[in-house]
Amino acid sequence: MPATVPLAWFLILSAVLFSIGAAGFLLRRSILTVFMCIELMLNAVNLSFISFAHRWKAVDGHIFSFFVMVVAAAEAAVGLAIILTVFKNRNTLEIDEVSSLKL
Amino acid sequence: MHQLWLIPVFPLAGFLINGLAGRRLSKTVTNVIAIGSVLLSFLWVVKTLMALGPLEEAYVEHYFNWISSGPLNIGFDFAVDRLTAVMLLVVTGIGSLIHIYAIGYMSHEGGYYRFFAYLNLFMFFMLTLVLGANFLVLFVGWEGVGLCSYLLIGFYFLKKSANDAGKKAFVVNRVGDFGFSLAMFLLFVHFGSLDFKTVFSKVAEMPQETSFGLLTGIGILLMVGAAGKSAQIPLYVWLPDAMEGPTPVSALIHAATMVTAGVYMVARSFVIYEHAPIAREIVAIIGLLTAVMAATIGMTQFDIKKVYAYSTVSQLGYMFLACGVGSYASGVYHIMTHAFFKALLFLGAGSVIHALSGEQDLRQMGGLRSKIPMTFLTLLCASLAIAGFPFTSGFMSKDAILLAVHEHSPLMFWIGVITSAMTAFYVWRALFLCFFGKERGHHHPHESPLVMLMPLGVLALLSLAGGYFNIPHWLEPIFGRPHEEHDTALVAVSVGAGLLGIFLAWLFYVVKPGIPDSIANALGSVYRLVYNKYLVDELYDATIVHPIRDGSTTVLWKGVDVGVIDGVANGVGTTARGIGGILRRMQSGNIRAYAAWVLAGAVLVLGAITVMGGAK
Amino acid sequence: MDGLIFLTCAFIAVACATNLVLQTHPISSAISLVGVMVSLAVLYLLLGGEFIGFAQLIVYAGAIMVLFVFVIMLLNAGAERQYKRSVWVTVLGVPLLFGFLGLVAYFIQSRVPATDTVKFGAWTGGSARDFGRVLFSTYLLPFEVTSILILIAIVGAIVLAQKEID
Amino acid sequence: MNFFLLTVLKAVIIIFVLLTFCAYLTWIERKVLAHIQLRPGPYRVGPHGLLQPLSDVVKLITKEGVIPANANKVFYVLAPFLAVATALLSISVIPFGPEIEIFGIKTQMGLADLNASALLILAISSLGVYGIAIGGWASNSKYSLLGGLRSSAQMISYELPMALAIAAPLLIVNTLSFREMVAAQSGYWLGFIPKWNVFAGPFPQIFSFLFFLTAAFAETNRVPFDLPEAESELVAGFHTEYSSVNFAAFFTAEYANIVTICCVATLLFLGGWTPLWPAAYGSDYVPSVAFLAVAAVMLYHATQPLRFWDKYTYPVFGLIALVFAGAFQVPLLKPILIPLFWFAAKTLSLIFVFIWIRGTLPRFRYDQLMKFAWTFLFPVALVNLLITGLLVALT
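Protein chains in written order, with our numbering: chain A, 272 to 374; chain B, 2 to 617; chain C, 730 to 895; chain D, 16 to 410.
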């Protein structure tokens, strides 16, 4: 095993995780799982940021991923509240059944 | 620091209190706040001026950087020099008196607190205008007093004529402000500053312009602005209509203070005019023409306030004339004396109107001499002053102007003398019609309350003796020493003209009341033309107002708005709906399908970048 | 050594991520996602992101995902029902995904030189001190704006989730 | 590989000591509670029931493990493991004493010495909720589920005030490493007042300390915030369905968490292993004196045996205490044992407070619990942090 890791590996890992997230988004029907897939994609992007931060020896990448986290937290709060409301009104968590804007 | 900002802030506080809470305050409290704030301001002016001493140099206070953008750097600065000092004293002094008078005059009117709030706001803006140390601060005050003027002209907003008059004043003033703005732009472009000090020192280094040039342009544009505010040809038409407002407003804003702002501005910018003789000459000609024309109209009017309004226009013309011939000091001198006697005339007229319960037509008055003697006496003083009776204040300032004019051009002097005779004639005509002869109306006149008479008394004293404030001498550090050429003959001529006017008025309206009608008949069409104010309003209506209105209706509204803008808007809407109808099929409501589209888009973009060779 | 650590973490991450997509029960997915996050946090720590690694654990794994688990438990969400898949999403989506991955991989391969390598521990500029210094100076405004965003999110979540007041 | 060996050795020691201590913590708790309630508590197994924990462990291990029907087996088994793992993980960054040197090997008295230990503690404690939540959910029982739900909501809610309470002393010591934190708190004012964060700093962190303790009660599901396992409402909360080793695991995790959090409180607020007063005034003799006193009591009891075995057990324990008392004065062991003693003394006092509170306070109602966290604890902790920050910035 080499003592160092090519930067590209991190990026590939990031891309793979992102693609898995996207696949989950496309293939899954539970709103909750779809939402988790979004979080996975965000995480994948964060990994790129932090790899680049290491590459360029600048903490800015960390700041970006920090903001991503904050936004993800806000998004999770609102998103889960929406899911709760949808469930309350339609009694379903199937994303395909929530296809009209009217409640 | 002498805390100059306190001067305008007192009335502003009064405005805020009365304007916001006035509905809930009693009349007494409103009075105390309104008058107290103006009096405080007056006292602060006096205190500051005493503290500042001789004021050979302008005293400037910088408060904050107001606008700072690229090369544009404008501070919110106040400055006091001798010119400002005169204006400050006139504005706050006369303002205080008129505020006191208004207590009595407005006591039966609705919207009492609103009136005083507006009046205080006006004081605030007027003081800002006078104190401003650069053109932009001056402009703030300038626009502010315009606003207050509009609000106060339209004070009786249930009356259509009052509303129309307010709008007219506003619109006409806009024309002048346009000129003023252009002048400021030019100043800024060429001098990089709007500070009086900077601009004028730079102008002073420039050579005098003998032909049409930059300074002439600036001067003319400034004069357009001044003409708007100070009611000069061709923008004077709003002032007579402005008499729709309450009489104290007419006295304060449309006679004593605001309308003199134009003259003040011209005097303030005298350096520019000194370097642009053509512009100065135009100022003189405009002033003279206005003076003559307004005087002729004034002779034929029967509404007492209209008479005084045209008199104001005419006197403002005098002041312009003074500035135009280079005697700025006498112009400012006349601002002050005019403020005394014209305020008194209006307040007296207000007292008469008050006594007659709102009657303004001179033909319905008469023989009031014994009914309202105090008013008569004070109006007599004012009429003497405006007619230039020797040793009254009007005599002093008008003499100073006419002497300067004679030096400049004898022709102008003679026209001025004739105008002064006409002035004496119409003012005394009003006085005689009002107080002499037999009673014509069916009123039960009653003398005004003390609170109204007291300011009248003070102003009467000032009208008679106010000329002994030797303003031209006081202003020497700014405008330089005037030519002390006391030609007794010229003085005699002008005094003679005034006395002649008085005599003719006495002859026409007391001794032989039939003469005016026969003259009017004899002159026929000319008389009707003058009586109808030379049909200037109708002319403006026909040449400016109607074309604009019709053009707006047919071209802008029916053509551009309905045809082009609405058409475009509707067309965009229709097109969008059409496209949307097609794209709607993509909106399946299936979130995962949307995600697939997003992904497809991302792949497309990435692919495109690859194809274009972005990924090296 | 570094390669081994990376591959371990990467393997755990990818395995958990795959599990997240394949599991039918949301809670299994959620725990898998926590696994991804923890392994990523380890990677962050190794990449010198001392603060961000722990923040990942605290914020993501410790707060956001707990919220998910909480909601799943609250709604008592069961396993996803298996029924006809939206065929064309699969038909269109899967090739698209592979296309996407391929393109990105191509990009990375063509743009990131092989000499760009990462040595764990070679850079430790991501300590809380350094992070805070940059966050509260250069990025102060975004940070403050974020606080407003969070406030809005709180209000929105409360409004959405509250019981209807009739 | 010396480093690895040493680390493994330390890990084994720490885990062994910790698990044993957790077991004995049950004994301490039962004893203290009993005395609060004016009864003797465990008394049968060993002197004063000292061997009771041992028999409990044997009992739990030998019991039959039951997995309820319809439970999610994977998660059911995973949950206690998660709980124990997180609990043991966080103890790994706690230093129990200063850097020491044994036989020429310099090492920390703790497993790991991170630059950001405080952050790790927060991170791990925020992960601790999974064990409970998953356990509650996987049991497929409504009591368990409610317990799990309650605990996850409660732990998320109390994590905020806890983090805020931790942040305030961190501002004063200006580091995230526990070792440097203790170093920052060593020293005395006027020669005898210790510069601990509770007393010292530009703003004494006494409020932070109280907030931290309050939040700690909630984080460890202790009375008065033990709603996830409120026996009168939920039988036993999230571990209702657990038995045998799985149950023991949850139990251990809970006690390990208490120990950890008390250690953290000691490090953050009470100056870690720094003695209560300077060694110059003889603080080094305190442990010896304390153990001598214990030995004296033991030996006195031996002369007046109540039961048959007392004649033999009391002298043995008394001798052990004597040996300890002597060990504190052996030059080689002194630098190791004295700090350890002070650290343990402070931690044990805090643990005593935990038990004391359990013996005296009633349980909160659930809505009161949430309201307390969000409308009282959170804002005041924020204000406290603000004041501390301002004062730190000003000084």
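Where is the CB? At the ideal position from N, CA and C, for every residue including glycine. This one's a predicted model, so the numbers in the text were calculated from it and none came from an experiment.
Cβ-based neighbour list, residue i, same chain, cut-off 7 Å, excluding 5 preceding and 5 following
i: Gly193/B; result: Pro72
i: Ile883/C; result: none
i: Val46/B; result: Ile8, Leu89, Leu90, Thr93
i: Phe218/D; result: Ile402, Thr403, Leu406
i: Ser358/B; result: His444
Contacts that residue i makes with chain A (C-beta to C-beta distance below 9 Å)
i: Thr819/C; result: Leu297, Leu298
i: Ser758/C; result: Gly295, Arg299, Ser301, Leu303, Thr304, Met307, Cys308
Contacting residues, own chain, Cβ-Cβ under 8 Å from residue i (five flanking each side not counted)
i: Phe379/D; result: Pro239, Phe240, Leu242, Phe387
i: Phe872/C; result: Leu864, Phe865
i: Ala343/A; result: Glu310, Leu313
Residue i: contacting residues in chain C (beta-carbon distance under 8 Å)
i: Ile283/A; result: Ala834, Ile837
i: Leu607/B; result: Phe829, Leu832, Val833, Phe836
i: Val604/B; result: Leu825, Gly828, Phe829, Leu832
i: Ser141/D; result: Leu786, Ile787, Ala790, Gly791, Ala792, Val795
When the options are compared against residue i, the one with the closest alpha-carbon
i: Thr258/B; options: Thr544/B, Gly20/B, Phe126/B; result: Phe126/B
i: Trp42/D; options: His63/D, Tyr327/D, Val188/D; result: His63/D
i: Ile334/A; options: Thr867/C, Ile879/C, Ile887/C, Leu830/C; result: Thr867/C
i: Lys161/B; options: Gly568/B, Ala243/B, Phe43/B; result: Ala243/B
i: Leu776/C; options: Val357/A, Lys328/A, Leu311/A, Glu310/A; result: Lys328/A
i: Pro621/B; options: Glu210/B, Ala296/B, Arg269/B, Ile416/B; result: Because chain B is modelled from 2 through 617, residue 621/B falls outside the range shown and cannot be assessed.
i: Val32/D; options: Val73/D, Phe214/D, Asp71/D, Phe111/D; result: Phe111/D
Chain D residues whose Cβ lies nearer than 9 Å to that of residue i
i: Glu779/C; result: Leu129, Asn130, Ala131, Leu134, Leu191
Cutoff 6 Å; reference residue i; Cβ partners in own chain excluding five residues on either side
i: Phe1/B; result: Outside the displayed span of chain B (2 to 617) sits residue 1/B, for which this structure offers no information.
i: Gly146/D; result: Ala94, Leu97, Ala98
i: Ile136/D; result: Ser105, Val279
For residue i: DSSP bridge partner residues
i: Ile75/B; result: Ile68/B
i: Ile120/D; result: Ile117/D
i: Tyr311/B; result: Note: Tyr311/B sits in no beta bridge, so no partner.
i: Tyr203/D; result: Pro209/D
i: Gly112/D; result: Met124/D
i: Asn135/B; result: Asp196/B
i: His254/D; result: Paired residues: none, contrary to the question.
i: Pro277/A; result: Thr846/C
i: His63/B; result: Asp78/B
i: Glu365/A; result: Ser301/A
Residue i burial status per 10 Å Cβ neighbour count (16 or more: buried)
i: Gly499/B; result: buried
i: Asp488/B; result: exposed
i: Ser97/B; result: buried
i: Leu161/D; result: buried
i: Ala84/D; result: exposed
i: Thr390/D; result: exposed
i: His102/B; result: The amino acid at residue 102/B is misidentified as His; the sequence shows Tyr. Per the 10 Å Cβ criterion, buried.
i: Phe321/B; result: buried
i: Lys439/B; result: exposed
i: Pro473/B; result: buried
i: His325/A; result: buried
i: Pro302/D; result: buried
i: Glu275/B; result: buried
i: Gly60/B; result: It should be pointed out that residue 60/B corresponds to Tyr in this sequence rather than to Gly. Buried is the call here.
i: Met340/A; result: buried
Interface partners of residue i on chain A, CB under 7 Å
i: Thr846/C; result: Thr275, Val276, Pro277, Leu278
i: Ile592/B; result: Ile366
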